[in-house]
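Asks: Protein chains in written order, with the working numbering: chain A, 218 to 483; chain B, -9 to 393. The following block contains the structure, expressed as structure tokens.
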Ligand SMILES: Cc1ncc(COP(=O)(O)O)c(C=O)c1O
């Protein structure tokens, strides 16, 4: 697939380091600030994930819930997000962008219309938390037609046989969920176990880029450097919430923590 | 959309869990899929397992109290002057509601799967109370997720749950009602699915959860069918009226009658006026793991609802009801808070039953249509819940509570 995500991983392989992937919520704390924040952290990040908020987020912990509710209270709509992505992609620091969210939002918008819109504004990948294999086959092929990377998910409970099938149907990037938890949970498995599972997936197809997410903070990130990419979501979102609560500039705090995360994996 | 003959409503789905190719499914997190598949296999096995069936029988009989009564509401019939009105009094169960059936079956499945932990959601507190009691009866540790608004308005049931030793997890996010309690319970399951059995409080959620629910509540129509034959020597022409929150009681009340022509057995579902996705033609949406008719805004966000009745204050509906609606087998309507309160007033003045706010919505529809019908017509209302949990609300709204 001719896609920026793939190119990024190739480049990082040459640099011999994992991708730093961040997750923030589009529209939090408001439309403009969320875009400014994304641009600001992009200088230090390799791939950005942007959440499109849903008010019934059944796989998210408190941090991302709060961030999503804040964004929705400030009026964010899907079409606003598409417009913001378009603006973001014009920025000189823009990185590959993955939209992430729940299937209800896509279903309501219309699958085909959603993917076309993604292509049009420059979205590089999609993660739909509750549209798992094999139920995502049709949607994933819609994405493929438009060279949008559909990111398949694998969890610790995914059986070997299922894993092989998921990997076979996957695009360039796969997301390995490090533990059974909603987002924002404390890492409850050892980095060793995570890397063991990571290697198991890698062995099935070494050409796939496997990023690891859930429970990754500035404390845990360096122990997982061997992965192809590491996703930091709740830890970053919490930083934004904390600085808002303390009436400090969330942009400064977010940039600071992203720099710190980066320094631990290069 | 067509309903297959001779197959229970809960088994009418395809291999992906869709009813009518469109409702239901499994929109879940990857991590929960394996436990969900394991549960699906286990349930398929248990349904044919003599030991499980004997235990089910025994629990329904000696623990829940056995067959619930079926009788004519003579005074209400006379007062309304039209159709004969009968009552299937499910509220007489131990645990005062149909929720006893799926709470008990879920506790039994939890136990037979070798798990010690059971979690569930509740709105009106009826499912929570029954799950707490069934868990206690079978020696399980139970966690109940309940919105803080519901904890305040259904405090009687909260006390029951606590007394039965269950832990109540207050949910203060979003609406602070059932929709968020279900979400929070599902989040808990995402993190604990390897050790904890999830019992969903209504005929909602990913396929297996709604299936287990309606398999259990179908006891209502199994009994009713027998009682009708005893009473009338046949299945007479009927109208079966049931309230709908998520839809577990209605589906259980109707299951045995789905195959009858709708001119023979008419199925009428009554939602709360401002929580009526089926009656108001809401859009097909994905909520809590399943495609269903659900109240949403234009952008796809789940809409807020209102009902005086905590058990009905929910934006979604069972995928099986969506199926019955599209197949034109059931008819859906709604009643307002005020109509439900008026129904309570009238029914309790004339009869000895004490319907909770939820079934009062079914009685409201019955009161609307009975006078227009001939005397040989038979209406049966499922009195699926007992009123004492709502005493505070009736006192506030009506100024009295009947003895
Ligand atoms: C007595 C009673 N009836 C009805 C309902 C609505 O749920 P369902 O439609 O699943 O029966 C509830 C929910 O709590 C209830 O307690």
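Just so it is clear, CB atoms sit at the ideal spot from N, CA and C, and this is done for glycine as well.
(1) Give the single residue among A:321, A:285, A:378 whose Cα lies nearest to the Cα of residue 417 of chain A.
(2) Starting from residue -4 of chain B, trace the beta strand (DSSP E) in both directions and tell me its first and last residue.
(3) For a test of your reading of the model: does the CB of residue 322 of chain B fall under 7 Å from any non-hydrogen atom of ligand 1? Yes or no.
(4) Return yes when at least one heavy atom of ligand 1 lies under 7 Å from the C-beta of residue 302 of chain B, else no.
(5) What span of residues does the beta strand (DSSP E) with residue 426 of chain A cover, start to end?
(6) Ordered along the chain, which non-local residues of its own chain (more than five positions away) have a Cβ less than 8 Å from that of residue 61 of chain B?
(7) Quick check: the region -3 to 6 of chain B against the region 445 to 452 of chain A, are there 3 or more CB pairs under 8 Å?
(8) Would the C-beta of residue 234 of chain B count as close to ligand 1, meaning under 7 Å from any of its heavy atoms?
(9) How would you label residue 327 of chain B, buried or exposed, when you count the other beta carbons within 10 angstroms and need 16 or more for buried?
(10) For ligand 1, is there a heavy atom less than 7 Å away from the beta-carbon of residue 88 of chain B?
(11) With DSSP run on the structure shown, which of helix, strand or coil describes residue 379 of chain A?
(12) If you drop the 5 nearest sequence neighbours on each side, which residues of the same chain put their C-beta closer than 6 Å to that of residue 226 of chain B?
(13) Any beta carbon from chain B within less than 8 Å of residue 240 of chain A's own beta carbon?
(14) Rounded to the nearest angstrom, how far is the Cβ of residue 324 of chain B from that of residue 376 of chain B, given a contact under 8 Å?
(15) For residue 407 of chain A, count neighbouring Cβ atoms within 10 angstroms of its own Cβ and tell me buried if that reaches 16, exposed if not.
(16) When you measure from the CB of residue 117 of chain B to every non-hydrogen atom of ligand 1, does any distance come out below 7 Å?
(17) Nearest to residue 357 of chain B by alpha carbon, out of B:390, B:336, B:40?
(18) Mapping DSSP to helix, strand and coil, what is residue 282 of chain B?
(19) Verify the contact flag: residue 193 of chain B, CB atom, against every heavy atom of ligand 1, threshold strictly below 7 Å.
(20) May I ask you to report which of helix, strand or coil DSSP gives residue 111 of chain B?
(21) With 7 Å as the limit, tell me which residues of the region 280 to 294 of chain B have their beta carbon closer than that to any beta carbon of chain A; keep them in chain order.
(22) From what residue to what residue does the alpha helix (DSSP H) around residue 367 of chain B run?
(23) In angstroms, rounded to a whole number, what distance separates the CA positions of residue 360 of chain B and residue 285 of chain A?
(24) What do you reckon, are the CB atoms on residue 442 of chain A and residue 482 of chain A nearer than 8 Å?
(25) Look at the alpha carbon of residue 288 of chain A and the alpha carbon of residue 308 of chain A, and state the distance between them as a whole number of angstroms.
(26) State the DSSP-derived secondary structure class of residue 346 of chain B, mapped to helix, strand or coil.
(27) In this structure, what does DSSP give as the bridge partners for residue 389 of chain B?
(28) Residue 349 of chain B: beta carbon under 7 Å from a heavy atom of ligand 3?
(29) Looking at C-alpha atoms only, which residue of A:438, A:329, A:281 is the closest neighbour of residue 317 of chain A?
(30) Do you know offhand how far residue 341 of chain B's Cα is from residue 71 of chain B's?
(31) Please state whether the Cβ-Cβ distance between residue 134 of chain B and residue 155 of chain B is less than 8 Å.
(32) Is residue 100 of chain B near ligand 1, in the sense that its beta carbon is under 7 Å from a heavy atom of that ligand?
(33) Starting from residue 198 of chain B, follow the alpha helix (DSSP H) in both directions and report where the run begins and ends.
(34) Which residues, in order along the region 13 to 33 of chain B, keep a beta-carbon less than 8 Å from a beta-carbon of chain A?
(35) Answer with yes or no whether the minimum CB distance from residue 225 of chain A to chain B is below 8 Å.
(36) Return the first residue and the last residue of the alpha helix (DSSP H) that residue 144 of chain B is part of.
Replies: Result, derived from the coordinates:
(1) Distance from the Cα of residue 417 of chain A is smallest, within the candidate group A:321, A:285, A:378, for A:378.
(2) For residue -4 of chain B, there is no enclosing beta strand (DSSP E), as DSSP marks it with neither H nor E.
(3) Outside the cutoff, so no.
(4) The nearest non-hydrogen atom of ligand 1 is less than 7 Å from the C-beta of residue 302 of chain B.
(5) Run containing residue 426 of chain A: 426 to 430, per the beta strand (DSSP E) assignment.
(6) Here the set comprises 76, 77, 79.
(7) Touching, no.
(8) Placement of the Cβ of residue 234 of chain B at a distance of less than 7 Å from at least one heavy atom of ligand 1 is found.
(9) Result: buried.
(10) Placement of the Cβ of residue 88 of chain B at a distance of less than 7 Å from at least one heavy atom of ligand 1 is found.
(11) Three-state DSSP puts residue 379 of chain A in a helix.
(12) Counting only Cβ-Cβ distances below 6 Å, and skipping sequence neighbours, we find 368.
(13) It does not: the Cβ of residue 240 of chain A has no partner Cβ on chain B nearer than 8 Å.
(14) Contact between residue 324 of chain B and residue 376 of chain B does not hold, since the beta-carbon distance rounds to 23 Å and is not under 8 Å.
(15) By the 16-neighbour rule on beta-carbons within 10 angstroms, residue 407 of chain A is exposed.
(16) Taking 7 Å as the cut-off, the C-beta of residue 117 of chain B counts as close to a heavy atom of ligand 1.
(17) Out of B:390, B:336, B:40, B:336 has the C-alpha closest to the C-alpha of residue 357 of chain B.
(18) Look at residue 282 of chain B here: in three-state DSSP terms it is strand.
(19) In this structure, ligand 1 has a non-hydrogen atom nearer than 7 Å to the beta-carbon of residue 193 of chain B.
(20) The three-state secondary structure of residue 111 of chain B, taken from DSSP, is strand.
(21) Along the region 280 to 294 of chain B, going in chain order, the ones with a CB nearer than 7 Å to a CB of chain A are 286, 289, 290, 291, 292.
(22) Where residue 367 of chain B is concerned, there is no enclosing alpha helix (DSSP H), given that its DSSP letter is neither H nor E.
(23) Residue 360 of chain B and residue 285 of chain A: Cα-Cα distance of roughly 48 Å.
(24) Pairing residue 442 of chain A with residue 482 of chain A gives a Cβ-Cβ distance under 8 Å.
(25) Approximately 22 Å between the Cα atoms of the pair.
(26) Under the three-state reduction of DSSP output, residue 346 of chain B falls in the coil class, being neither helix nor strand.
(27) When DSSP reads this structure, residue 389 of chain B sits in no beta bridge, so it has no partner.
(28) This structure simply doesn't include ligand 3; it includes ligand 1 instead.
(29) It is A:281 whose Cα lies nearest to the Cα of residue 317 of chain A.
(30) About 15 Å.
(31) Residue 155 of chain B sits away from residue 134 of chain B, with the two beta carbons spaced by 8 Å or more.
(32) Every heavy atom of ligand 1 is 7 Å or more from the Cβ of residue 100 of chain B, so no.
(33) First-last of the alpha helix (DSSP H) with residue 198 of chain B: 197 to 207.
(34) Considering only beta carbons, the part of the region 13 to 33 of chain B lying closer than 8 Å to chain A consists of 15, 16, 17, 18, 19, 20, 21, 22, 23, 24, 25, in chain order.
(35) Output row for residue 225 of chain A: interface = no.
(36) Where residue 144 of chain B is concerned, there is no enclosing alpha helix (DSSP H), given that its DSSP letter is neither H nor E.
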